[in-house]
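**Student:**
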Amino acid sequence: MISFVASVARESVTGLRLLRRQVRSDTRLRRAGFYASLGLTLLVSLFPFYVMFATSITTDDAIYVNNPSLLPREVTLSQYAVLFSSETFAFTTYFVNSAIVATVTATFSLFVGVIGAYSFTRLSYPGNTLIRRGVVVVYMLSAITVVVPLFQLIARLGLVDTRLSLFITYTVSTLPLTLYMLWNYFESLPVAIEEAAMLDGYSRVETIFRVVVPLSLPVLVATFLFAFKIAWNEYIFASVFLKSQAKLTLPIGIEQMNADFSNVWGQIMAASFLTTLPIVVMFLYLEKYMVEGLTAGAVEG
Amino acid sequence: MQEQDRDTRSSADGTERPHRDDRTPTDGVVGEAGGETVELSSLSKRFGDEEAVDGVSLSISEGELLVLLGPSGCGKTTTLRMIAGLESVSGGSVAIGGVDVSEHPPQDRDVAMVFQNYALYPHKTVRENIRFPLRKTDLSKAEQRERIESTAALLDIADLLDKEPAALSGGQRQRVAIGRAIGREPSVLLMDEPLSNLDAKLRVRTRSELRSLQQRLGITTVYVTHDQEEAMSIADRIAIMNDGRVEQVGTPEEVYEDPTSAFIAGFLGDPSMNLLPTSVGPSRDGDTGGTERGDELAAGLAAAVPDDAARVGVRPEDLFLVDGSGSVVGDGPANVSDVYDCDVHVVEPIGRAYELTLSTAAGPVVLRARTVPDELRGRDRVGVVYDRDSLYAFDADGGRLRRGGNGW
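Just so you know, the protein sequences line up as chains A and B, in that order. Here the UniProt record's numbering is used: the first residue of the first sequence is 1, the next is one more, and so on. Here the UniProt record's numbering is used: the first residue of the second sequence is 1, the next is one more, and so on.
1. Please confirm whether any heavy atom of the ligand GDP lies closer than 7 Å to the CB of B:M191.
2. Would you mind working out which of A:F167, A:G134 and A:P190 sits nearest residue 383 of chain A, comparing C-alpha positions?
3. Starting from A:I144, follow the alpha helix (DSSP H) in both directions and report where the run begins and ends.
4. State the beta-bridge partners of B:Q172 as determined by DSSP.
5. Quick one: complete alpha helix (DSSP H) runs, 4+ long, within the segment 221 to 267 of chain B?
6. Taking 8 Å as the CB-CB cut-off, is residue 379 of chain A touching chain B?
7. Give the interface partners of A:A192 over in chain B, defined as CB-CB distance under 7 Å, in chain order.
8. Within the same chain, show all residues whose beta-carbon is closer than 7 Å to that of B:G398, passing over the 5 residues directly before and after it, in chain order.
9. What does a CB cutoff of less than 8 Å around B:D285 pick up in its chain, not counting 5 residues either side in sequence?
10. 8 Å is my cut-off, CB to CB: does B:A52 come that close to chain A?
11. Answer yes or no: do B:E355 and B:R370 have a C-beta to C-beta separation smaller than 8 Å?
12. Are B:Y223 and B:L65 touching if we call contact CB-CB under 8 Å?
13. Starting from B:A396, find everything on chain A with Cβ-Cβ shorter than 8 Å and list it in chain order.
14. When DSSP labels each residue in this structure, what does B:K124 get in the three-state scheme?
15. For A:S109, collect the residues of the same chain with a Cβ closer than 7 Å to its Cβ; drop the 5 residues on either side in sequence, then sort them by chain order.
16. List the residues of chain A that B:A152 touches, going by C-beta distances under 7 Å, in chain order.
17. How many angstroms separate the CA atom of B:L69 from the CA atom of A:V146?
18. Hey, how far is the Cα of B:H226 from the Cα of B:F267?
19. May I have the straight-line CA-CA distance separating B:R403 from B:G63, to the nearest angstrom?
20. Does DSSP put A:G134 in a helix, in a strand, or in coil?
21. So which residues of chain A does B:F132 contact, with C-beta pairs closer than 7 Å?
22. For the segment 229 to 243 of chain A, enumerate the residues whose C-beta is nearer than 8 Å to any C-beta of chain B, in chain order.
23. Return the CA-CA distance between B:V339 and B:I350, expressed in angstroms with no decimal places.
24. Between B:G183 and B:I157, is the Cβ-Cβ spacing less than 8 Å?
25. Could you check the C-alpha separation between A:I268 and A:V65 for me, to the nearest Å?
26. Give the straight-line distance between the Cα atoms of A:Y289 and B:F47, rounded to the nearest whole angstrom.
27. Less than 8 Å between CB atoms is the rule here; does B:K136 satisfy it with respect to chain A?
28. Spatial neighbours of residue 322 of chain A within its chain, please: CB distance less than 6 Å, with the 5 preceding and 5 following residues excluded, ordered by chain position.
29. Do you know how far the Cα of B:M113 is from the Cα of A:T223?
30. Report yes or no: is there a C-beta of chain B within less than 8 Å of the C-beta of A:S203?
31. Please state if the CB of B:K45 and the CB of B:V89 are separated by a distance shorter than 8 Å.
32. Provide the residue span of the beta strand (DSSP E) that contains B:I60, from first to last.
33. Starting from the beta carbon of B:V111, find every residue of chain D whose beta carbon is closer than 9 Å, and list them in chain order.
34. Please compile the residues from chain A whose C-beta is within a distance smaller than 8 Å of the C-beta of B:Q107.
35. Tell me which residue opens and which closes the alpha helix (DSSP H) that B:K141 is part of.
36. Could you check where the beta strand (DSSP E) with B:D343 kicks off and where it finishes?
This is how it looks when you write it as structure tokens:
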């Protein structure tokens, strides 16, 4: 009897220990899984960037060897030098074009977005909900599906090969995102602050620009960045609407470089790196404005 | 619009101001700011099918402080917002200084508002918060600076001018909100439960400060609250709202002593009036009040009011304890009733007085006594009398039944 009890006790103790070890190995497994997925994510997102950068500072000879190395043995800036001195490849022009298009688009999209999103959240008018939903639906459409009808429209308007065609189409295609981000934020702003401004003698439009906009600075910066990034990287519309070299934007320019010249991977990667750089720099610089809690102290309770 | 307002105001200065004249004279600031009359005529607001405000008519004189008092959902805040122009008017009109402003946007009405949650501009310092409305006036930069300084001094927030709202305490934010509202000397000041976010002690102190400030500046003020004590302490007149309508308007004394309905009687006072159904206790046939000792209090009260009364009301302070010798404790009323024995349910010492909850056939009744004699302490049955001159009777619809020349 006693031995039976003892054996049961021993068994249950071993069982417990087993169970505990199970738990421990489970957490170890989970941690391993976490690091594995983290590593994979970093690899997929950063490795191309690294290869791009590494290739751009490698000499042509080293790029086309049979066993390419991950680390450039010899560092050179010649690829960049060629980019800026080449007469056939107008990198600077493309860069300026992209900058103009992206800045104008993001600014305009932000301006329209502020007014539109404000009207969604603060004004009641027939069709408000319908338009709101419409905006989200438009965002779901992919660019390739609308490019042909859009081209017909642009052609009809006589805007083929103009920057205006990009301003219009980019603004329209970034607006859903802009509106969505802004209206979500505006909904979180206490209405009483705006009412206070109106009672303090300010019209609704003045209230938007003197109270709502300053309070929305973080989200305005974020929205501007997103819209800028979309316009900066856009390829399909630009490739369809533009013809002349002088107006091409960077993505098209780089693609053309690939098509027109052979064995220029070093320069392509240098151009790609320079294309990516402004977005990264802008993000790092503007990130400090994207702080939260701007409305702290506004309303009680 | 600004110019026009100023003209009407200066002409109004010449006219008689009955209201302000009964006040004690203060330090001469009165008259500089001044206020406008506010006239609401059958003002209504519908949200869909719901009638939030239903034909409110009120006339507020210059420099008066009118409190809109009522339970939540009675339409008092909606009424205030319609005066402000933040809510459109479904019917009736709002006139400020004799001008119908029902269709004017808020910024053209020359009204200022203190919000329940203060609604300060969080991205501006206190100084900029107070300056913000001044920029819309025709004051010069120097005058604006001067006005900010004097407003800050008035509210004792001069040392906070360079801070941001986030760094302030609730009470300080509240002062800044008031400063922003009165800085530009509006015709009408609207306050939407301005003290409800303060703690109890600060609330009592701030409300008396608000009152004296309002009297000094003489700004016509509409003040919304659900706190009857706050309303009584601050108001020139109280308009009690219920279910979208104004039930009674009058001075705090009037509405407290002479309520026109059971709703008002039950809403005012802390603890509020005891309202008991008359359909209780023994048959009252042929009984003209005055029952023998030991009878039920509720039945006795019911018997003391006319037959068509559905409810009888008595305030806790109009009920008195009777000591062992049969005499009334403290200063008894002139017209004392018979003595009723009641079970004591709870005794709450509240500092300056005691509140006794008595059990009666018609439910609990609260009695307030300045003192409780030692001999009555710990007893679970006490003798109680009421003041026969201070009974209220209400009909089945809650309307007040008034006393005739001799008795009911």
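All C-beta atoms, glycine included, are put in the ideal place defined by N, C-alpha and C. Note that the structure is a prediction, hence the values are computed from the model and not measured.
**Tutor:** In brief:
1. This structure does not include the ligand GDP; it has no bound ligands of any sort.
2. Examination of residue 383 of chain A is not possible in this model, given that chain A is present from 1 through 301 alone.
3. A143 to R156
4. In the DSSP output, where bridge partners are listed per residue, B:Q172 has none listed.
5. 228 to 234, 252 to 257 and 262 to 267
6. No answer is possible for residue 379 of chain A: the residues shown for chain A start at 1 and end at 301.
7. F115, N117 and A119
8. S261, A262 and F263
9. Caution applies to B:D285, whose pLDDT of 42 falls short of 50 and renders its modelled position unreliable; the value that the coordinates give is listed next. No residues qualify anywhere along the chain.
10. no
11. no
12. yes
13. In chain order: nothing, as chain A lies at least about 40 Å away.
14. coil
15. T171, T174, L175, T178 and A227
16. Correct list: empty, because the minimum Cβ distance to chain A is about 17 Å.
17. 60 Å
18. 10 Å
19. 35 Å
20. helix
21. D200
22. none
23. 25 Å
24. no
25. 18 Å
26. 40 Å
27. yes
28. As shown, chain A starts at 1 and ends at 301. That puts residue 322 of chain A outside it, with no answer to give.
29. 34 Å
30. yes
31. yes
32. E50 to I60
33. Considering every chain present, this structure includes no chain D. Its protein chains are A and B.
34. M198, L199, D200, G201, Y202 and S203
35. K141 to L155
36. Y340 to P349
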